[in-house]
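Participant: First the structure, then my questions, so here it is.
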Amino acid sequence: MDSSYQISGGIYLVLNPAMESKLLLAKLKSALSVGLQVVQIWNNWQPGTDKLALVKAIGELCNSHRVPVLINEEWQLVMQSPFLQGVHFDDVPADYAAIQQAINKPFLAGITCSSNLNKVLWADEHQLNYVSFCSMFPSPSAGSCDIVMPSIVKKARTLTTLPIFVSGGITPENLLALKKETPFNGVAVISGILSADDPAQQVKHYQNALSM
């Protein structure tokens, strides 16, 4: 674990690198201006993308705000770029110990659990930094995720003290309703922020809902 960065909850922005890079960076800069806790780069690359160059551009913005940047799945990039602080896994990796050995430095890690509580137990046992649940609601950017019942997240809270993030189709409005059904520490968002004309204002709406 990278002890210089911590993940405890809050607003977790997932970036879609298929978006035009100047627009993506402008929206990220706007969102960072009011406070993000984590940024993840989704491995949804356009063909021919210079991954390391885009990671550097994203990392420079985030690192100046002390916001950690995680890469989705492609842990090899953590070895290649000083602008990445960790990796987000979609599934339990086949050999996590080998990945740790290959990276050979402290790094942050989290995993999408869907409705699989065994992943929560695995994350807890291997001392990851957080778990996330996708998708709480239907969402165009969470199309590969099954719908997760709030009761699953509530059960996960009894299995681990790791921070829990919820994601998938979450709006500031339904976030308030979800909080009444299950405890969690933060919300991960893609289109809910990236599609907004004013990302900073939208982040504030999520922050207000999360704090109520």
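The sequence shown begins at 842 in this note's numbering and counts up by one.
Ideal placement from N, C-alpha and C gives every residue a C-beta, glycine not left out.
Out of Pro1024, Pro1013, Thr890, state which residue places its alpha-carbon closest to the alpha-carbon of Ala1037.
Facilitator: Looking at the Cα atoms, Pro1013 is the closest of the given residues.
Participant: Starting from His929, follow the beta strand (DSSP E) in both directions and report where the run begins and ends.
Facilitator: Residues 927-930.
Participant: Look up Ala1041 in the DSSP assignment and say whether it is helix, strand or coil.
Facilitator: Helix at Ala1041.
Participant: Leaving out five residues before and five after Ala1050 in sequence, what residues of the same chain have Cβ atoms less than 7 angstroms from its Cβ?
Facilitator: Pro1013, Leu1016, Leu1017.
Participant: Quick one: is Pro1024 buried, meaning 16 or more other Cβ sit within 10 Å of its Cβ, or exposed?
Facilitator: Counting Cβ neighbours within 10 Å, Pro1024 comes out exposed, since fewer than 16 surround it.
Participant: If I follow the unbroken beta strand (DSSP E) through Tyr971, where does it start and stop?
Facilitator: First-last of the beta strand (DSSP E) with Tyr971: 971-975.
Participant: Does the region 859-876 come within contact of the region 895-904, defined as at least 3 CB pairs closer than 8 angstroms?
Facilitator: They touch, by the three-pair rule.
Participant: Which ranges would you report for the alpha helix (DSSP H) in the region 908-961 if only whole runs of at least 4 residues count?
Facilitator: Listed in chain order, the complete alpha helix (DSSP H) runs (minimum 4 residues) inside the region 908-961 are 917-921, 937-944.
Participant: Please classify Met842: does DSSP put it in a helix, a strand, or coil?
Facilitator: Summary for Met842: the model assigns pLDDT 48, below 50, so the residue's position carries little reliability; its value from the coordinates is reported in the next sentence. Here Met842 sits in coil by DSSP.
Participant: Checking the sheet assignment: what are the DSSP bridge partners for Leu854?
Facilitator: Looking at the DSSP assignment, Leu854 forms a beta bridge with Val880, Val1030.
Participant: Which of helix, strand or coil does DSSP assign to Ser1008?
Facilitator: Three-state DSSP puts Ser1008 in a strand.
Participant: Could you give the distance in angstroms between the alpha-carbon of Val910 and the alpha-carbon of His929?
Facilitator: So the alpha carbons of these two residues sit roughly 10 angstroms apart.
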